[in-house]
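In my numbering, the protein residues as written are 5 to 281.
Positions of the beta carbon are idealized from the N, C-alpha and C atoms, including for glycine.
Shown next, in structure tokens, is the structure this report addresses.
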Ligand SMILES: [Zn+2]
Ligand SMILES: [Zn+2]
Ligand SMILES: [Zn+2]
């Protein structure tokens with residue numbers, strides 16, 4: 005399995021749009037891996053995870069032919085994960101030679117955002133029904149997409165909606181995609197998470213130096229999370245542990261995050277990073 009991290013920032017971007025804190029200042033000065041767009045990933049070039057406003061820039065930068073992608077998993081409705089208005093461009097009028105249907109999987113709030121965006125007046129005469137189809141998913145109700153077994157797990161995030169993280173399995177490989185979430189997960193969520201052994205674990209590291217009490221994680225939460233997975237036999241000696249979804253409010257530059265990750269057997273994600281596992 006391969007995961008590519010197309011974007012690795014939290015909602016406000018890195019540097020944040022209107023910020024000149026030391027982290028953002030440094031990012032503008034250094035460039036390169038210190039610059040991050042909003043979080044999005046793609047598995048094996050087939051399963052796209054989340055759809056931020058930077059999706060267009062990700063497609064340009066990585067030469068992605070997104071018309072060939074047929075499965076899009078959405079974790080939750082926050083704008084850094086779901087910017088649905090762009091989906092109208094998969095309509096046959098704009099998306100020539102796109103492959104069959106794009107299936108968009110998400111919760112009830114994502115579903116509402118999807119229909120609010122695609123049923124705008126300008127597109128009523130060109131319904132998207134032949135090119136994009138929304139599928140409502142619920143926590144712990146597994147489904148299959150293009151040979152991938154996908155398990156939505158209830159996250160510890162915005163309580164106004166059913167935020168999801170995903171376990172993705174194929175050909176004996178297993179990925180845990182944990183953005184966005186804190187550690188205050190339900191007993192049912194822990195039970196499901198602990199019932200797999202992972203080859204790659206992608207962890208929320210939004211808050212950097214700060215310890216959180218839920219909603220997101222900081223680096224100390226990530227260490228705690230890995231400890232729990234180890235205790236339950238969910239990781240093996242070659243499991244890749246990635247920290248991702250960074251905010252400047254975490255107070256660490258990419259270079260500092262890399263140093264921390266290196267000391268703890270983890271990898272700090274950067275935009276464009278690919279990992280085969
Ligand atoms: Zn986010
Ligand atoms: Zn800043
Ligand atoms: Zn969020």
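- Residue burial is scored here from C-beta neighbours: residue 115 has at least 16 other C-beta atoms within 10 angstroms and is therefore classed as buried.
- In this structure residue 254 is in contact with residue 214, their Cβ atoms being roughly 7 Å apart against a cut-off of 8 Å.
- Note that the region 75 to 91 touches the region 167 to 185; at least 3 beta-carbon pairs, one per stretch, sit closer than 8 Å.
- Judged by DSSP secondary structure, residue 138 falls within the beta strand (DSSP E) whose first and last residues are 136 to 140.
- Within the same chain, no residue comes within 8 Å of residue 260 by CB-CB distance, once the 5 residues on both sides are set aside.
- Per DSSP, residue 6 is one residue of the beta strand (DSSP E) stretching across 6 to 11.
- Sequence-distant partners of residue 72 (beyond 5 residues in either direction) whose C-beta falls short of 6 Å from its own C-beta, in its chain, are 103.
- For residue 252, the CB falls within less than 7 Å of some heavy atom of ligand 2.
- By the Cβ neighbour-count rule, residue 241 is exposed, with fewer than 16 other Cβ atoms within 10 Å of its own.
- Looking at 203, 35, 144 and 221, the one whose alpha-carbon comes closest to that of residue 192 is 144.
- Of all alpha-carbon atoms in 162, 155, 151 and 250, the one lying nearest the alpha-carbon of residue 5 is that of 151.
- In this structure, the beta-carbon distance from residue 154 to residue 172 falls below 8 Å.
- Excluding its 5 nearest sequence neighbours in each direction, residue 87 has C-beta neighbours in its own chain below 8 Å: 55, 56, 57 and 59, listed in chain order.
- With contacts defined as CB atoms closer than 8 Å, residue 61 and residue 89 fail to qualify as a contacting pair.
- DSSP, reduced to helix, strand and coil, places residue 212 outside both helices and strands of the structure shown, so it counts as coil.
- Under the 8 Å Cβ criterion, the region 37 to 55 counts as touching the region 5 to 15, having at least three qualifying pairs.
- Taking 8 Å as the cut-off, the Cβ atoms of residue 257 and residue 27 count as close.
- Taking all protein chains in view, the Cβ of residue 175 is surrounded by fewer than 16 other Cβ atoms within 10 Å, so the residue is classified as exposed.
- Looking at the backbone, the Cα of residue 109 and that of residue 30 are separated by about 37 Å.
- In terms of Cβ geometry, residue 41 and residue 248 do not form a close pair [threshold 8 Å].
- Among the bridge pairs identified by DSSP, residue 221 is matched with none.
- Relative to residue 268, the option among 141, 136 and 228 whose CA is nearest is 228.
- Each residue's CA atom was taken as its position, placing residue 212 and residue 250 some 7 Å apart.
- Distance from residue 135 to residue 105 at the Cβ level is roughly 7 Å; contact confirmed, criterion being Cβ atoms closer than 8 Å.
- In the displayed model, residue 86 falls within a strand according to three-state DSSP.
- In this structure, residue 184 has its CB closer than 7 Å to one or more heavy atoms of ligand 3.
- Taking 7 Å as the cut-off, one finds at least one heavy atom of ligand 2 near enough to the beta carbon of residue 20.
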